[in-house]
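Right, one structure below, let's go through it.
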Amino acid sequence: MSSKRDYYEILGVGKNATDEEIKKAFRKLALEFHPDRNKSKGAEDKFKEINEAYQVLSDPEKRKSYDQFGHDGIKNNFQDFDFQNFGGFGDIFDAFFGGSQTTSRSRRKGRDLHKTVNITFKDSAFGIENDISVERIGKCAKCSGSGAKDSASFTKCPNCNGSGQVKRIQKTIFGQFAQSSVCQDCTGSGKKITQKCSECNGKGSNLEKKTISVKIPQGVSSGDTIKLSGEGEYAGNNSVKWRYIP
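In numbering that gives the first Met the number 0, the protein residues as written are 0 to 245.
In structure tokens, the structure reads:
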């Protein structure tokens with residue numbers, strides 16, 4: 000930058016500002032002027048200026064030198080900011096505010112199913128119990144959904160070392176942050192199958208046909224629906240809609 004402004008002035012804080020006040024001011028300005036969010040002319044230069052000020056004032060030694068000698072005091076130990084070294088606004092926001100930290104190991108919810116049942120006016124008035132047939136993806140009965148031949152047919156996932164999570168270091172304008180995400184190799188279980196279930200070939204689920212008994216209450220109207228929890232595809236639901244027929 001050709002001319003150097005006062006770093007405290009850039010961040011809008013006083014010379015006696017605490018570390019927390021400096022951090023808060025920087026965060027507000029960084030979010031406002033980050034080029035991923037602010038496309039106005041000069042936003043990137045402003046963003047670099049804000050970052051330069053924060054790099055100095057957030058470092059106790061640099062701040063002390065700056066307070067004593069001004070810009071000359073930090074000339075030799077300041078590295079120019081390279082915007083290309085950092086992630087986009089989403090990465091920065093997630094790392095600073097704790098986003099993208101999902102580490103859930105739960106199995107993905109199965110697809111919900113929807114069925115329409117024809118009933119007569121008499122069925123509606125007095126109620127009736129109907130059997131409906133569904134074809135769905137269900138939990139494998141042989142392996143109970145594990146996908147493995149037996150309990151001994153697992154090994155520790157080498158990608159996450161059995162933790163179910165992988166960590167990566169994200170470099171942002173706020174510093175370095177460790178971000179965790181679900182291991183894609185083992186989908187968060189921490190285990191890899193060594194011998195697959197012969198019934199489902201390691202999927203943990205099979206296509207099945209099932210008959211479900213549904214009690215239609217008195218007084219239902221055409222178009223009414225009822226949700227049958229857990230009766231959809233593996234871990235999903237099933238909804239049944241009534242339709243009058245003559």
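The beta-carbon is built from N, C-alpha and C at its ideal position, and this holds for glycine as well.
Cβ neighbours of residue i in the same chain (closer than 8 Å, five flanking residues each side left out)
| i | result |
| --- | --- |
| cysteine 199 | Cys139, Lys141, Cys142, Gly146 and Asn205 |
| cysteine 185 | Cys156, Asn158, Cys159, Gly163 and Lys191 |
| serine 197 | Lys141 and Lys148 |
| aspartate 18 | Ser57 |
| glycine 161 | Lys155, Gly189 and Lys190 |
Nearest-angstrom Cα separation, counted from residue j out to residue i
| i | j | result |
| --- | --- | --- |
| leucine 30 | lysine 22 | 12 Å |
| lysine 27 | valine 181 | 30 Å |
| histidine 113 | glycine 201 | 28 Å |
| glutamine 194 | lysine 148 | 6 Å |
| asparagine 15 | tyrosine 65 | 13 Å |
| lysine 208 | serine 228 | 17 Å |
| glycine 203 | glycine 189 | 16 Å |
| serine 179 | lysine 38 | 31 Å |
| proline 34 | proline 59 | 28 Å |
| valine 165 | glycine 144 | 24 Å |
| phenylalanine 32 | lysine 45 | 7 Å |
| serine 152 | isoleucine 225 | 41 Å |
| arginine 211 | serine 150 | The sequence shown places isoleucine at residue 211, rather than the arginine named in the question. Roughly 31 Å separates the two Cα atoms. |
| threonine 255 | valine 219 | As displayed, the chain neither begins before 0 nor continues past 245, which places residue 255 out of reach and without an answer. |
| glutamine 183 | lysine 63 | 46 Å |
Residue i burial status per 10 Å Cβ neighbour count (16 or more: buried)
| i | result |
| --- | --- |
| asparagine 50 | buried |
| isoleucine 136 | buried |
| glycine 89 | With a pLDDT of 47 at glycine 89, under the threshold of 50, the modelled position of that residue is not reliable, and the figure given next carries that caveat. Per the 10 Å Cβ criterion, exposed. |
| alanine 52 | buried |
| serine 123 | buried |
| phenylalanine 120 | exposed |
| phenylalanine 68 | exposed |
| phenylalanine 125 | exposed |
| isoleucine 168 | exposed |
| glycine 222 | exposed |
| glycine 187 | buried |
| glycine 41 | exposed |
Residue-level contact to chain B via CB, residue i, 9 Å cutoff
| i | result |
| --- | --- |
| arginine 4 | Considering every chain present, this structure includes no chain B. It has just one protein chain. |
Cβ neighbours of residue i in the same chain (closer than 6 Å, five flanking residues each side left out)
| i | result |
| --- | --- |
| alanine 24 | Leu10, Gly11 and Val12 |
| lysine 61 | Val55 and Ile73 |
| tyrosine 6 | Ala52, Val55 and Leu56 |
| glutamate 134 | Lys208 |
| threonine 154 | Lys191 and Thr193 |
| glutamate 20 | Val12 |
| glutamate 43 | Pro34 |
Sequence-distant residues of its chain with Cβ nearer than 7 Å to residue i (five each side left out)
| i | result |
| --- | --- |
| histidine 70 | Lys3 |
What are the uninterrupted segments assigned as alpha helix (DSSP H) that are 4 or more residues long and contained completely in the stretch 127-155, given in chain order? none
Quick test of the definition: if touching needs 3 or more C-beta pairs under 8 Å, does the stretch 212-226 touch the stretch 128-138? yes
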